[in-house]
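Data block below; observations after.
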Amino acid sequence: AQSVAQPEDQVNVAEGNPLTVKCTYSVSGNPYLFWYVQYPNRGLQFLLKYITGDNLVKGSYGFEAEFNKSQTSFPLKKPSALVSDSALYFCAAQRYTGTASKLTFGTGTRLQVTL
Amino acid sequence: NAGVTQTPKFRILKIGQSMTLQCAQDMNHNYMYWYRQDPGMGLKLIYYSVGAGITDKGEVPNGYNVSRSTTEDFPLRLELAAPSQTSVYFCASTKQGVDEQYFGPGTRLTVT
């Protein structure tokens, strides 16, 4: 069975500082990895994904993530945080089976960016 | 292009009542999904569909049913509502299985 762990319930960072949101995964075979963001009372929005190729993936709003196969990690990063980045962030993983593929989500990390 | 739409936005049900949560997408996506989101638990997959006429169970299907008669619509049926079904329900869709999923705005359901 596949699983995703987000060990931090909340991450606090000052505006302008770099941010990292941790994620580790357990997926047999080659994983497909995603980050989504959820603003209050909204559905999830796609940020970025890793399918294959370069381990460093760049996404929306200046976010990036680095796939590390040996550590089975896919942390979300941003060089300079904004107050508007405050939201709930979900890491997700799937193993493509050729037909349907089911996404497994982590429990989410709340990012709080303060002035 | 409305994307993924869900109705209603909010609903309160009494124990034992039934209802249908509606989901529609106008992106001609093959795959559609239903998730429930509980605090601190992330999203759990209830049911999914890979195309019209084809559905399958996810992680937490008990107490729910789905149908997929058209590419656009994927309603979720709750029979005999229970307090454990109090949650926020999200519908999502994607063109291919490895593409990013597009989510609807959610339905907040309370069963009392």
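Keeping their order, the protein sequence lines are chains D and Z. Per this note's numbering, the very first residue in the first sequence carries number 1; after that it's consecutive. Per this note's numbering, the very first residue in the second sequence carries number 1001; after that it's consecutive. Positions of the beta carbon are idealized from the N, C-alpha and C atoms, including for glycine. It should be emphasised that the depicted structure is a prediction, and the values quoted were computed from it without experimental measurement.
- request: Look at Gly1003 of chain Z and Met1041 of chain Z and say whether their C-beta atoms are less than 8 Å apart.
  value: No, the Cβ-Cβ distance between Gly1003 of chain Z and Met1041 of chain Z is not below 8 Å.
Within 8 Å of any Cβ in chain D, is that where the Cβ of Phe1074 of chain Z sits? Not a single C-beta of chain D is nearer than 8 Å to the C-beta of Phe1074 of chain Z.
Determine which residues share a DSSP beta bridge with Lys78 of chain D and list them. D:Leu19
_Could you check whether the region 1010-1019 of chain Z touches the region 1078-1097 of chain Z, counting it as contact only if at least three pairs of C-beta atoms, one from each stretch, sit closer than 8 Å?_
yes
Fill in: Of the residues D:Val57, D:Phe90, D:Asp85 and D:Lys49, the one placed nearest Tyr32 of chain D, counting alpha carbons only
Shortest Cα-Cα distance from Tyr32 of chain D to any of D:Val57, D:Phe90, D:Asp85 and D:Lys49 involves D:Lys49.
- Partners in chain D for Phe1010 of chain Z, counting only beta-carbon separations shorter than 7 Å: Chain D residues near Phe1010 of chain Z: none, gap ~10 Å exceeds 7 Å.
Residue of D:Leu56, D:Thr107 and D:Val11 minimising C-alpha distance to Phe74 of chain D:
D:Leu56
Anything in chain D within Cβ reach of Met1041 of chain Z, meaning under 7 Å, just list it in chain order. Thr107
inquiry  = Looking at chain Z, is there any beta carbon in it that lies within less than 8 Å of the beta carbon of Val42 of chain D?
reply    = Looking at the sequence provided, one finds Arg at residue 42 of chain D rather than Val. By this cut-off, Arg42 of chain D is an interface position.
Name the DSSP beta bridge partners of Val1111 of chain Z, please? Z:Leu1013.
From this set, D:Gln112, D:Lys58, D:Phe34 and D:Phe105, which residue's C-alpha is nearest Ser3 of chain D's C-alpha? D:Phe105
Beta-carbon proximity list for Gly59 of chain D, same chain, < 6 Å, skipping 5 on both sides:
Leu47 and Leu48
Q. Should Phe1090 of chain Z be labelled buried (16 or more other beta-carbon atoms within 10 Å of its own) or exposed?
A. buried
| query | Can the beta-carbon of Leu1076 of chain Z be found closer than 8 Å to that of Val1088 of chain Z? | reply | No.
Q. For Ser1067 of chain Z, which of helix, strand or coil comes out of DSSP?
A. Reduced to three states, the DSSP call for Ser1067 of chain Z is coil.
By DSSP's criteria, Thr52 of chain D is part of a beta bridge. Which residues make up the other side? Partner(s): none; Thr52 of chain D has no beta bridge.
Q.
Helix, strand or coil for Tyr1035 of chain Z? Go by DSSP, reduced to three states.
A. strand
**Prompt:** Residues in its own chain within less than 6 Å of Gly62 of chain D by CB, not counting five upstream and five downstream?
**Reply:** Cβ neighbours of Gly62 of chain D beyond the five flanking positions: Lys78.
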